[in-house]
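Taken in sequence, the protein lines are chains R and U.
All letters in the first sequence, in the order written, are residues 1 to 837 by UniProt numbering.
All letters in the second sequence, in the order written, are residues 1 to 675 by UniProt numbering.
Beta carbons are placed, not taken as given, at the ideal position from N, Cα and C, and that holds for glycine.
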Amino acid sequence: MSAQKDRWVFSFSFLLFCASSIPTRGSARLLQELSPQEYFSSLQAGRASLAYFSHNVSPGAQPFLEQIENSAEALQDYGISVVKVNCPKEDVSRYCGKENALRRAYLFRGNMLIREFPTDALFDVNSIVANVLFALLFNEVKYVETLADLQNIENALKGRSNMVFAYVPATGTAEHRAVMEAAFAYGTVHQFVLTTEATLLKDTGDDESDVSSARLLFCHCQQATDLAEPCRRTAMGQTLTMLNIHRHLKLMGAPLVTEVAEDPEKVSTVHLQLGLPLVFILSQKETYEADRRTAEFVAWQLLGKAGVALLSRDLVDLNILLRSNVALKTPDEGVPIKYLVLEDTDEVITLVEDKNKIEQIQEDEEEEEEDEEEKENNNQDIQDDQVVEAVSRDKKRELPLEQILVLTEETFHSALLETARTVVLFYASWEAVSLAVLRSYTEVADHLKGTQGVLLSRVNCWDWPGVCAKENVTQLPTIKIYEKGERSVMYNGMWGTEELTSFIMLSRVSCPLKLATIDEAEGYLRGEFPSELSSYHHTSLLGVFSTATSEAREAFEEAGSILSGHVTMGMYFEDDALALSRKYAVSPPALLLARSGGRSVEGIALSKQSAQDMVRTIRYESLDIFPEITVQNLPRYLQFRKPFLILFSDGDISQMESKEMLKLAKGRPQEAFVACWLNLKKTPVGRGVLKAYFASMPSLPVLVWVNLHAGGQVFKFPSEQSITEMNILSWLEKLKAGLEIPSSTLSEEDWKPPLPAYDFLQMMETAVPELPLHTSHRCGDTPERHPPESPGGDTAVREEPSQETKAEKVGSPGRDLRGTAPRLAAREKQGKRHSKL
Amino acid sequence: LGLALYASSLCAASGAAFLYHDYCVIGAGPSGLQAAYFLQQAGRDYVVFERSHAPGSFFALYPRHRKLISINKRYTGKSNSEFNLRHDWNSLLSHDRRLLFRRYSHDFFPDADAMVRYLEDFASLLKLRVQYNTAIIHVTLERDGQAWNGHYFLLTDQDRQNYKCSSLLVATGTWVPNVVNFPGSEYVEGYETVSINPEDFAGQTVLILGRGNSAFETAENILGVTNFIHMVSRSRVRLSWATHYVGDLRAINNGLLDTYQLKSLDGLLEGNLEDLAIVKDKKGKLHITLRFYLENRNTSAGIDSVTLPQDELDNFATRAPYDRVIRCLGWKFDFSIYNRSLRMMPGKGNKKKYPQIKPSYESRSTRGLFVLGTASHSVDFRKSAGGFIHGFRYTTRAVHRLLENRHHGVPWPSTVYPITQLTNSIIKRVNEASGLYQMFSILADIILLRENATAFEYLEEYPVGVLAELETQTGRKAPNGLFVVIMEYGRNFSGADKDVFYYNRAVGEAQHAWQSNFLHPVIYYYKRLPTEREMRLRPPDWPLPRPDAVHHIVEDFLTDWTAPNAHILPLRRFLENCLSTDLRNFFAESCFLFAFTRQKLPPFCRQGYVRMQGLVGSEGLRRHAVEAGLLEDYAPTDFPGDRPPDSREGSQDQLLRDHAIPVHPLQHLVNAKDE
């Protein structure tokens, strides 16, 4: 390790030296001028020199001489002296004599002539240095012309040493010189091979490069074992300069993967020193082998571009995310190491090849993570139940519950006896709908504050399940009204403050209420009697019976008990009932129906009806003919399962429209359709309905026909027509005839689960694949595979003994006596060891 | 039919001098009285035979040191009587609030005398028909095609009085002491008779055979006065907090483990008791040797010729002589009174102390014979609580319900609910039900779906081992699929050698709920009832075969599974996906919108709003729903004119997005179980 380092320091200083010498080149006169005698006597064995013989300066040789002079310094670095030999005029010796010789340069090693160069081969410093070194390094740098030659050399090198293969388009170029200079330094380490044949470059598989530029490939033949396969090659990406080749060879020489067991911030390798990034593959004991393979794979991909180190997390206390698997250290000072979570090796390579991408990848990654998370849980853990969410958001608010008595198992029965009417809300403190109703219930309590004879109370079924079970509360929430010592009524209306308040108030009055005088009966129809109900808008029903019609009266009373709380029912059967029936033109038994404070009273004849029929009749008759539809009353009209003819209006409808619609509604019984109107001011959700029907908000008022229960088509009454009974009727005829095009059709879609559930079954199978979940299932499906008398389940049981049998096996390995004593002894030894501690 | 049968059996009884009852219960211990209570409530003809003069005779003697190890938790912070039974391990089930054990003892680990008093009161206050001083000494069968089960049970008591019954409920417990025979076992004192006065052990060296609670209880009593105590048993000690089995060594009895592990004073040894031999020397000291050595010696020679292990192995663990050897090896079922025709067979392996029974608690070989109470523990030995009062009070009720269906045409009690109550029903039960909690993995609630999944029928605490026979056993039909609600510990969490305190043992997030380790509810979904074959082939350690879907409600530190987002929401999603419907709740306003804009309505609107029971909701709640982006506010704004619809939509989306930012729960609180 240290030797390697030394060598590296040496080469690096050598490089520096080369580099620093470049600017000074030419400034010093290194060209020696000697006489032939002096020259030949100065030649030392093994020392190379380049000599140029001249008589006097011939004009043609002048530029050549300049070049050779310039190259002197460069060549001196390689121990080659450059000498200009001044031939005496009379000298006709071998080198000085011939005119020809004067146009040449001669390379000597010692006094042996290695090569003579024509001056046109030495046209500049590069060519001089390249050619001179080429000649000197004849053995170190093999020149090949054919692929066969190259392969021969390669094969010969396999398992022995590495090869540097260089292609230069021509000799004597700067690239050629760089290769030669590198060969001078590394020639003994690697086998250098040079070619100028472009076909060879192609044959080595380097198709992409164009033949006009030089290439250098490092062939890893030393580790190559397969003779049939060419050695693995690493092309040098940069231009062929001495510095680049040096760097490249340095990197090729560095260990493929460095094992690191220290803080990565402190780690330094060749790569970092040469300005390349260092990639850490973060490993741990369990995955070491796999990580090592990954590191090697990545290292091969990044060879020459970055270093790869394998960092054992187990040995280093890293304060980083456990899931980080790659770290990147850049050579720049002060840039912290980046820890990343990458998925495949390609990402590592891209990371290095474009350092700028690092940030981007990190960002992408974060986004991806989010995406993944989103994909994974799909917002499953986000509450999408409006009631639950609304109640959760309200849970910090303290409810004004002081008006509502808390009942327990102990107090329940006694509390019921204290007040004439006890309203009990059965709820569960964890259940959202219950809690929503509890909020309305507090508002009811507020409304009814000070009302005599009504006690509002509550039972939390989570605290007192016994009470709730005994009171037959199977659904939460439930409201029951207990009359002192008597029956109880279960509330079955809307869970709204208004509806519940009204129900409680109406239930206070007996239903039906026996009216004693004709004045009372009249007052009752006007809504003035009983006075406590005068502030509650309601429909009043008065049953008029003669003394003879007891049967109908009994049915009416029974119907009253069913409808208690929803309507008020009065009953008059005094002797002067006839006067009342005459006034309203009915004959007893009959019903008088007073809507909205007695402004209109209708008479309905009662034939022989059962209580149930009467309930039905009353419910039907108490409906409005042309109602304003609201959230609260819609269900009453939905039950007819008929099309709706709705007039949407922003505020009250005009008298004219009201009159026309009423005419229309009166003419048609509700069996055909429900005519109604909707006040968008009062029922803003109507806008949502219109939004669903029409692409854009239509001008108001708008009349719409909806086949709610048959086909779901929505038709819009032409806005240019005025809303009159006639126009509507003829429009309806056209609808029936199929002459109108629906504006939209209501979705028929089923209510599917809004989001998927966690698939624990699949998670179990993925996490514990040996779980014989599937197997057992398949066994069940294909009984022929297992004869029934030896079911496969038995084998499964045998394969995986239960805890206790395992434990016992461990606890009692042998039954023979010899086994016992040593075991007892072994126990004792353990005890001893313990006592020493 | 019942009447006719009754009449005919009366005739038979008078003819053969038999006293006839539909049900005979042997034993007036906790399970016998519990069975009597249910039979009495149902108005059945039954009698309980008790050999002693009072109920619970076992508790009059045992445990010898009088401390019950079943907890009597008087305070739970809750008033829910069903929930409180989860931590009341001594009370039997009854409607009488006076018969709660906390009225009988203030001790967390009560005295056994309190149990005796409790059982006496239970029998007398409820006027249970117990025939005391009647020891059944023989049981045989009389074939009769007319009988419920093709035979009658003929019982004979110590006075040769005969009784005849259609159904026999065996509640005799396990009371026959386990004895080992080895050379010198005559020197061994039994747990039944050993002195409980610590003074009698002063300065003595004691060897205890056995490693159960009775062994440790005995050791605990004399720990302070002995020289040292050694305990020897075949298997390693099993600590109940590691195994999650209440029958293993309880912390209250484990004082000896302290002195062993801290001071190497007392000690535990593993060895096969049958290999042992005890030799008494002239001074009356007891030496431990091996049967092996004894068999090889000259029988006529005295103590000196006996090879002791320390002769060969001079550091043999039990080389020191003992003053006393006490046997505390537990109990087994009394098989002796049954005629061979009943084929009452002992179980296999570690269950040999119990008779073989089916998961329905009926004898494997004799129809109509049910085993109740401790003796029925083979069903869940070393797993659940079926061998203990707090467990078998529920299995006894289950047996009674099976019998009511089988013999009296009374189907298993059930309640039908609309599908909107499905999530609530499950949440209610997993939070308060005691039977599910005590008899985890054994008793399960069954939810039978009605056609089109509009309603369901809820059956409580059915023995899950006979799930395949559900229709015949309960008289309920399951043609449209079912849910099974059960409670489980994490697989591989419990065990004698398991570290139950490891870091991150508690799961905090609902999406990892299947990895929960502590007792938590699990819901299995089957599209059809599993067959007997599937039950038999279920994966080992699974209470049930592979379901079509399964849901785990994530374990909870407070065992309170009512959190809207962590518990109820994932459960709702699971149920929705099994039933392929939308089980969300909606305010009336939403239902109104759906009624006008969709041809179909979600179940909540269909079963509530359309039936005039819509959830109107207060203005405050509406506002919250709008803020959450779950309800659109159509109310016109202050400025006149229509806003462009887009802007409204945008704001809605914004709300939704704001809401959608996942709120990361406080990890350290979620995982509080780790701290």
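Pair within 8 Å by beta-carbon distance, I404/R and T442/R: For I404/R and T442/R, yes; Cβs fall inside 8 Å.
Contact with chain U by K682/R, beta-carbon distance below 8 Å: Answer no: the Cβ-Cβ gap between K682/R and chain U never drops below 8 Å.
Backbone CA spacing between H377/U and T396/U [nearest angstrom]: Between the C-alpha atoms of H377/U and T396/U there is a straight-line separation of about 12 Å.
Residue closest to A549/U, alpha-carbon to alpha-carbon, out of M345/U, Y525/U, S590/U and T423/U: Checking every option, the nearest Cα to that of A549/U belongs to Y525/U.
Supposed close pair L328/R, I337/R - CB separation, criterion 8 Å: With a beta-carbon spacing of about 7 Å, L328/R and I337/R fall inside the 8 Å limit used to define contacts.
Under 8 Å between C-beta atoms of A306/R and V267/R: Result no, Cβ atoms of A306/R and V267/R do not sit closer than 8 Å.
Closer than 8 Å at the beta carbon, the chain R residues around D266/U: Taking a Cβ-Cβ cut-off of 8 Å, D266/U has no neighbours in chain R, whose nearest Cβ is about 11 Å from it.
Delimiting residues of the beta strand (DSSP E) encompassing F456/U: F456/U: member of the beta strand (DSSP E) spanning A455 to P463, first to last residue.
Test item: CB-CB of A455/U and V485/U under 8 Å: The answer is no: Cβ separation not under 8 Å.
Cα-Cα separation between T559/U and G77/U, rounded to whole angstroms: Per the coordinates, the alpha-carbon of T559/U lies some 13 Å from the alpha-carbon of G77/U.
Expected contact under 8 Å - CB spacing of I625/R and K666/R to nearest Å: Indeed they touch by this definition, with Cβ atoms about 6 Å apart.
Residues of its chain near L708/R, where Cβ-Cβ distance is below 7 Å and the 5 sequence neighbours each way are ignored: The answer, listed in chain order, is P643 and F644.
Given 8 Å, three or more beta-carbon pairs between the segment 576 to 586 of chain R and the segment 609 to 621 of chain R: Verdict: no, contact absent.
3 or more residues per run - each beta strand (DSSP E) lying fully within the segment 216 to 298 of chain U: For the segment 216 to 298 of chain U, the full-length beta strand (DSSP E) segments reaching 3 residues or more read 228 to 233, 267 to 270, 276 to 280 and 286 to 290 along the chain.
I518/R versus A588/U: straight-line alpha-carbon distance, rounded: Approximately 42 Å, taken between the alpha carbons.
For Y536/R and E498/R, the rounded distance between their alpha carbons: Between E498/R and Y536/R, the C-alpha separation is close to 10 Å.
Assumed close pair L729/R, F648/R - CB separation to whole angstroms, cut-off 8 Å: Contact doesn't hold; Cβ gap of about 20 Å is too wide.
Same chain, Cβ closer than 8 Å to V144/R, five either side skipped, listed in chain order: Contacts found: L150, I153, V193, L194, T195, E197 and L200.
Identity of the residue in Y163/U, L593/U and V554/U nearest L18/U by Cα: Per the sequence shown, the amino acid found at residue 18/U is Phe instead of Leu. Relative to the Cα of F18/U, the nearest Cα in the group Y163/U, L593/U and V554/U belongs to Y163/U.
Three-state secondary structure (DSSP) of R25/R: Only weak support exists for where R25/R lies, its pLDDT of 42 falling under 50; the value from the coordinates is given anyway. Coil at R25/R, not helix or strand.
Secondary structure of R340/U, DSSP reduced to three states: Residue state for R340/U is assigned as helix, using DSSP reduced to three classes.
Anticipated Cβ contact below 8 Å, I69/U with F109/U, distance rounded: Between F109/U and I69/U the Cβ distance is about 6 Å, and since that is below 8 Å, they are a contact.
Close-in-space but distant-in-sequence residues of the same chain around W462/R (CB under 7 Å, 5 per side omitted): Taken in chain order, the residues that qualify are A428, S429 and W430.
C-beta atoms of V464/U and I442/U nearer than 8 Å: Cβ atoms of V464/U and I442/U: closer than 8 Å.
Any chain R beta carbon closer than 8 Å to M612/U: Answer yes: the Cβ-Cβ gap between M612/U and chain R drops below 8 Å somewhere.
Exposure label - T318/U; buried when at least 16 CB within 10 Å: When all chains shown are included, T318/U counts as buried.
CB contact flag (D384/R, P754/R, <8 Å): Yes.
Proximal chain U residues relative to V685/R, where beta-carbon distance stays under 7 Å: Chain order gives the chain U residues near V685/R as E589, F592, L593 and Y634, where near means a beta carbon separation below 7 Å.
Any non-hydrogen atom of the ligand COA closer than 7 Å to I618/R Cβ: By its list of ligands, the structure shown contains no ligand whatsoever, and the ligand COA lies outside what it can speak to.
Same chain only: Cβ atoms within 6 Å of D445/U, ignoring 5 sequence neighbours per side: Around D445/U, the same chain offers R429, E460 and V485 as residues with beta carbons nearer than 6 Å, after the five sequence neighbours per side are excluded.
Nearest neighbour of E551/R, chosen from C231/R, A590/R and D575/R [CA to CA]: That would be A590/R, whose Cα lies nearest to the Cα of E551/R.
C-beta contact flag for V586/R and L592/R at 8 Å: Closer than 8 Å, so yes.
Buried or exposed by the 16-neighbour rule on C-beta atoms within 10 Å, applied to N126/R: With 16 or more Cβ atoms within 10 Å of its Cβ, N126/R is classed as buried.
Residues in the segment 751 to 764 of chain R having any Cβ partner in chain U nearer than 7 Å: So the close ones are W751, K752, P753, P754, L755, P756, A757, Y758, F760, L761, M763 and M764.
Rounded straight-line distance, which links the Cα of L449/U to that of C676/R: The straight-line gap from Cα to Cα measures roughly 39 Å.
Sub-8 Å separation of S283/R and R247/R beta-carbons: No, they are not a contact pair.
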